[in-house]
Amino acid sequence: MNGKVTEKFIEIAGRIGAQRHLVAVRDGFVSIMPLIIVGSLAILINNFPPLGSFNFVEWMNGVLGEGNWQAVGGSIWNGTFAVLGLLVAFSIAYNLAKSYEIDGLSAGLISAAAYIMLVPVTEDWGLNFAWLGAQGLFVAMILSIGLTELFRILVKSRWTIKMPEGVPEGVARSFQALIPATIILILVGCFQALMSIFAEISVFEFIFIVIQQPLQGLGNTLPAAIFIAFLNHLLWFFGLHGTNIIGSIIEPLYLPLIQENLELFKSGVSAFDVPNTVTKPFLDSYVFMGGSGTTIALIAAIFIVIRKEKNHPYREVGKLSSPAAIFNINEPVIFGLPIVLNPAMLIPFIMVPVTLTITSYLALSSGLVPKTVAIIPWTTPPILSGYLVTGGSWRGVALQVFNLVLATLMYIPFVIVGARALRKQAGRE
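Okay, so the sequence shown: first residue is 49 according to our numbering, each after it adds one.
Below you can see the structure in the form of structure tokens.
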């Protein structure tokens, strides 16, 4: 790749990564990630596998009364995953409005109110929870971005009520949002009425059938997983935060897939039998071990190859990077070795995660390893993460160990070549 092409690629990728609406989507999902993790872990705890003769779930039911322990996890689920779309509608609108330096709280509340207005109702006139959750994510994204842009236009055009000086800031802000909120919610109500009259389905069902379902089906395939792994690491190679840049694209695709697995696992379906193989935890736990590039394996390869030269630059970077790599933080090794713009590391840095994506997909899709049924913090160390995301299976750990050994073996030849090149530069060979 010549210099001009490289510069153009970096420029385009940088613009995409900094695009206001994509950043708002990414930050919106990041904002609610603690709730997503807590909701996922609640289901995992409710269905925790027996450890020998000790059954944690039965023991807790014995303490609290039969079924009461599951009720705790169910309540947490209802406040997190079950209203995921509503949470996203608020958080994306809030972050987008803040980027325009307008009232983020008002924008978020308007977006959430409009989202609820569009949610279909059941026969007894209650909100249909099926669309409050992950199935409504695409509507939440489109709605929050569109309404926030309209809110911005109305506020900038001074379609607002300006309160006199001395009025408390909170009161003045609420009155400033009154006219824009009224206009927006009337428009949303009219849109909902027109959808009911002419389309006879809700906007949620329309978006799900036309956009969301096909994209999710495509995302749950090996080619899609390989493409994501390739693009993420190509961006990192050029010094761009690949995870952040593509995060706003893959989160809406993969959150509904892991939610479907979670709901089935919650109902008693085995982790082997849930439908979706490629999810966000699949990538985090089996491919991005130690961070993007599976760089914990690169550090292991450095320690294997460079055992005697205590002050070798690679070894020094490996020692400094190891503590962070255990928790999947790999900036020290990416920029310290460096991997960024280092042609010697381009091939393994991309090929290792692509290879692990393939081995992991085959292991899960063939039934050798359970599929992922939990979302855990991305900083969860390998081995522990493999156990948790599979609902407590040693097979998840075994796959991680296999992948780490394979990745280390793939990195070793390139570490040997790189170390030799450094010795030549230092005049020692």
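We treat Cβ as the ideally placed atom computed from N, Cα and C, and that holds for glycine. Only a predicted model underlies this, so the values are computations on that prediction, with no experimental measurement involved.
- [ ] Measure the alpha-carbon distance for V215 versus D151 and round it to whole angstroms.
- [x] Residue mapping note: residue 215 aligns to position 167 of the sequence shown, counting from 1. Residue mapping note: residue 151 aligns to position 103 of the sequence shown, counting from 1. Taking the straight line from one Cα to the other gives about 17 Å.
- [ ] Run through the stretch 125-185 for me and flag every whole alpha helix (DSSP H) of 4 or more residues, listed as ranges in chain order.
- [x] With a minimum length of 4 residues, the continuous alpha helix (DSSP H) runs that stay inside the stretch 125-185 are 132-147, 152-166, 177-180.
TODO: Inspect the beta-carbon positions of A141 and S159 and report whether they are closer than 7 Å.
DONE: Residue numbering aside, residue 141 sits at position 93 when the sequence shown is read from its first letter. Residue numbering aside, residue 159 sits at position 111 when the sequence shown is read from its first letter. In this structure, the beta-carbon distance from A141 to S159 falls below 7 Å.
TODO: Starting from V71, follow the alpha helix (DSSP H) in both directions and report where the run begins and ends.
DONE: As a working mapping, residue 71 is identified with position 23 in the sequence shown. Here the alpha helix (DSSP H) through V71 covers 68-94.
Open item on the list: Between the alpha carbons of L92 and W442, how many angstroms are there, rounded?
Closed with: By one-based count along the sequence shown, residue 92 stands at place 44. By one-based count along the sequence shown, residue 442 stands at place 394. So the two alpha carbons sit approximately 15 Å from each other.
Open item on the list: Does the beta-carbon of S433, which I'm using as the reference point, lie nearer than 6 Å to any heavy atom of the ligand FAD?
Closed with: By its list of ligands, the structure shown contains no ligand whatsoever, and the ligand FAD lies outside what it can speak to.
Task: Residues sharing a beta bridge with F199, DSSP - done: For the purposes of this step, residue 199 is taken as the residue at position 151 of the sequence shown. DSSP lists no partner for F199.
TODO: Keeping to the same chain, check which residues put their C-beta closer than 7 Å to that of E308; ignore five residues upstream and five downstream.
DONE: On the sequence shown, position 260 is the one that residue 308 refers to. Sequence-distant Cβ neighbours of E308 in its own chain, meaning closer than 7 Å and more than five residues away, are P323, N324.
TODO: Return the chain-ordered list of same chain residues with a C-beta closer than 8 Å to the C-beta of T342, the five sequence neighbours on each side being excluded.
DONE: Position 294 of the sequence shown holds residue 342. Close CB contacts of T342 within its chain, under the 8 Å cut and outside five residues either way in sequence, are with V335, F336, V400, P401, L404, N451, L452, A455 (chain order).
Open item on the list: Taking the beta carbon of L288 as the centre, do at least 16 other beta carbons fall within 10 Å, making it buried, or is it exposed?
Closed with: For the purposes of this step, residue 288 is taken as residue 240 along the sequence shown, with counting starting at 1. L288 is buried by the Cβ-count criterion.
TODO: Could you check the C-alpha separation between T327 and S318 for me, to the nearest Å?
DONE: Start at 1 with the first residue of the sequence shown, and residue 327 comes out as number 279. Start at 1 with the first residue of the sequence shown, and residue 318 comes out as number 270. Counting only the Cα atoms, S318 lies some 17 Å from T327.
TODO: Look at the Cβ atom of P304, then the Cβ atom of Q264, and state whether they are nearer than 7 Å.
DONE: Within the sequence shown, residue 304 is the residue found at index 256, counting from 1. Within the sequence shown, residue 264 is the residue found at index 216, counting from 1. Less than 7 Å divides the Cβ of P304 from the Cβ of Q264.
Open item on the list: Would L226 and I245 qualify as a contact pair, given that the criterion is a beta-carbon distance under 7 Å?
Closed with: The residue given as residue 226 occupies position 178 in the sequence shown. The residue given as residue 245 occupies position 197 in the sequence shown. No.
- [ ] For P425, I'd like the list of residues in its chain whose CB is within less than 8 Å of its CB, leaving aside the five on either flank, ordered along the chain.
- [x] Walking along the sequence shown from the start, residue 425 turns up at place 377. Apart from sequence neighbours up to five positions away, the residues of its chain that approach P425 with a beta-carbon distance below 8 Å are I85, ordered along the chain.
Task: Collapsed DSSP secondary structure at F278 in the structure displayed - done: Working through the sequence shown from its first residue, we reach residue 278 at position 230. Note: F278 maps to helix in three-state DSSP.
Open item on the list: Please report the straight-line C-alpha distance between S147 and V203, rounded to a whole angstrom.
Closed with: Sequence index remark: in the sequence shown, residue 147 carries index 99 (1-based). Sequence index remark: in the sequence shown, residue 203 carries index 155 (1-based). C-alpha separation (whole angstroms): 14 Å.
- [ ] Determine, using beta carbons only, whether I352 and Y362 come nearer to each other than 7 Å.
- [x] On the sequence shown, residue 352 is found 304 positions in, with the first residue counted as 1. On the sequence shown, residue 362 is found 314 positions in, with the first residue counted as 1. Their beta carbons are not under 7 Å apart, which means I352 does not touch Y362 by this criterion.
Task: Delimiting residues of the alpha helix (DSSP H) encompassing E364 - done: Against the sequence shown, residue 364 aligns to sequence position 316. Here the alpha helix (DSSP H) through E364 covers 361-374.
TODO: Spell out a yes or no on whether the stretch 114-128 and the stretch 154-169 are touching, meaning 3 or more CB-CB pairs, one atom from each, closer than 8 Å.
DONE: At 8 Å Cβ cutoff, the stretches do not touch.
Task: C-beta atoms of L83 and L134 nearer than 7 Å - done: By one-based count along the sequence shown, residue 83 stands at place 35. By one-based count along the sequence shown, residue 134 stands at place 86. For the pair L83 and L134, the CB atoms are not nearer than the 7 Å cut-off.
Open item on the list: So, with DSSP's three-state summary, where would you put F320?
Closed with: Locating residue 320 in the sequence shown gives position 272, counting from the first residue. It is coil, neither helix nor strand.
Task: Residue of T128, P300, P386, N376 minimising C-alpha distance to T427 - done: Translated into the one-based positions of the sequence shown, residue 427 becomes position 379. Checking every option, the nearest Cα to that of T427 belongs to N376.
TODO: Output the boundary residues of the alpha helix (DSSP H) element that contains I377.
DONE: By 1-based counting over the sequence shown, the position of residue 377 is 329. According to the DSSP assignment, I377 belongs to no alpha helix (DSSP H), since it is labelled neither H nor E.
TODO: Compute the Euclidean distance between the alpha carbons of F256 and G184, then round it to the nearest angstrom.
DONE: Against the sequence shown, residue 256 aligns to sequence position 208. Against the sequence shown, residue 184 aligns to sequence position 136. Roughly 8 Å separates the two Cα atoms.
Open item on the list: Please state the DSSP three-state secondary structure of T420.
Closed with: Taking the first residue of the sequence shown as 1, we reach residue 420 at position 372. In the structure shown, the three-state DSSP call for T420 is coil.
Task: Inter-residue spacing [alpha-carbon to alpha-carbon] between T407 and F278 - done: Residue numbering aside, residue 407 sits at position 359 when the sequence shown is read from its first letter. Residue numbering aside, residue 278 sits at position 230 when the sequence shown is read from its first letter. When rounded, the distance between both Cα atoms is 15 Å.
- [ ] Check whether the Cβ atoms of I423 and I294 sit closer than 7 Å, and answer yes or no.
- [x] Taking the first residue of the sequence shown as 1, we reach residue 423 at position 375. Taking the first residue of the sequence shown as 1, we reach residue 294 at position 246. Contact flag unset, no.
- [ ] Could you say which of Y163, V388, I232 lies nearest to E197 if we only look at CA atoms?
- [x] Counted from its first residue, the sequence shown places residue 197 at position 149. Comparing alpha-carbon positions, the option among Y163, V388, I232 lying closest to E197 turns out to be I232.
Task: R468 classed as buried or exposed, judged by whether at least 16 other C-beta atoms fall within 10 angstroms - done: Reading the sequence shown from its first residue, position 420 is the one you call residue 468. Taking a 10 Å sphere around the C-beta of R468, we find fewer than 16 other C-beta atoms and assign the residue as exposed.
Task: Among S296, D172, S139, N116, nearest to G76 - alpha-carbon criterion - done: Translated into positions along the sequence shown, residue 76 becomes position 28. Shortest Cα-Cα distance from G76 to any of S296, D172, S139, N116 involves S139.
Open item on the list: For E114 and F104, what's the separation of their Cα atoms in angstroms?
Closed with: By one-based count along the sequence shown, residue 114 stands at place 66. By one-based count along the sequence shown, residue 104 stands at place 56. For E114 and F104, the distance between alpha carbons rounds to 13 Å.
TODO: Could you tell me if T128 is buried or exposed, where buried requires 16 or more neighbouring beta carbons within 10 angstroms of its beta carbon?
DONE: Within the sequence shown, numbered from 1, the residue matching residue 128 stands at position 80. A residue is called buried once 16 or more other Cβ atoms fall within 10 Å of its Cβ, and T128 is buried on that count.
Open item on the list: If you reduce the DSSP assignment to three classes, tell me which class E299 lands in.
Closed with: By 1-based counting over the sequence shown, the position of residue 299 is 251. Residue state, collapsed to three classes: helix.
TODO: Please specify which runs of the alpha helix (DSSP H), each continuous and at least 4 residues long, are wholly inside the stretch 189-240, giving them in chain order.
DONE: Whole alpha helix (DSSP H) segments, 4+ residues: 217-224.
Open item on the list: Just to confirm my understanding: we take L470, look at its own chain, exclude 5 residues before and 5 after, and list those with CB closer than 8 Å. What are they?
Closed with: The residue labelled residue 470 in the question sits at position 422 within the sequence shown. These residues qualify, in order along the chain: H360, P361, Y362.
Task: Spatial distance of E477 from E364 (CA atoms) - done: By 1-based counting over the sequence shown, the position of residue 477 is 429. By 1-based counting over the sequence shown, the position of residue 364 is 316. In this prediction, E477 has a pLDDT of 48, which is less than 50 and means its spatial position is unreliable; what the coordinates show is noted afterwards. Taking the straight line from one Cα to the other gives about 20 Å.
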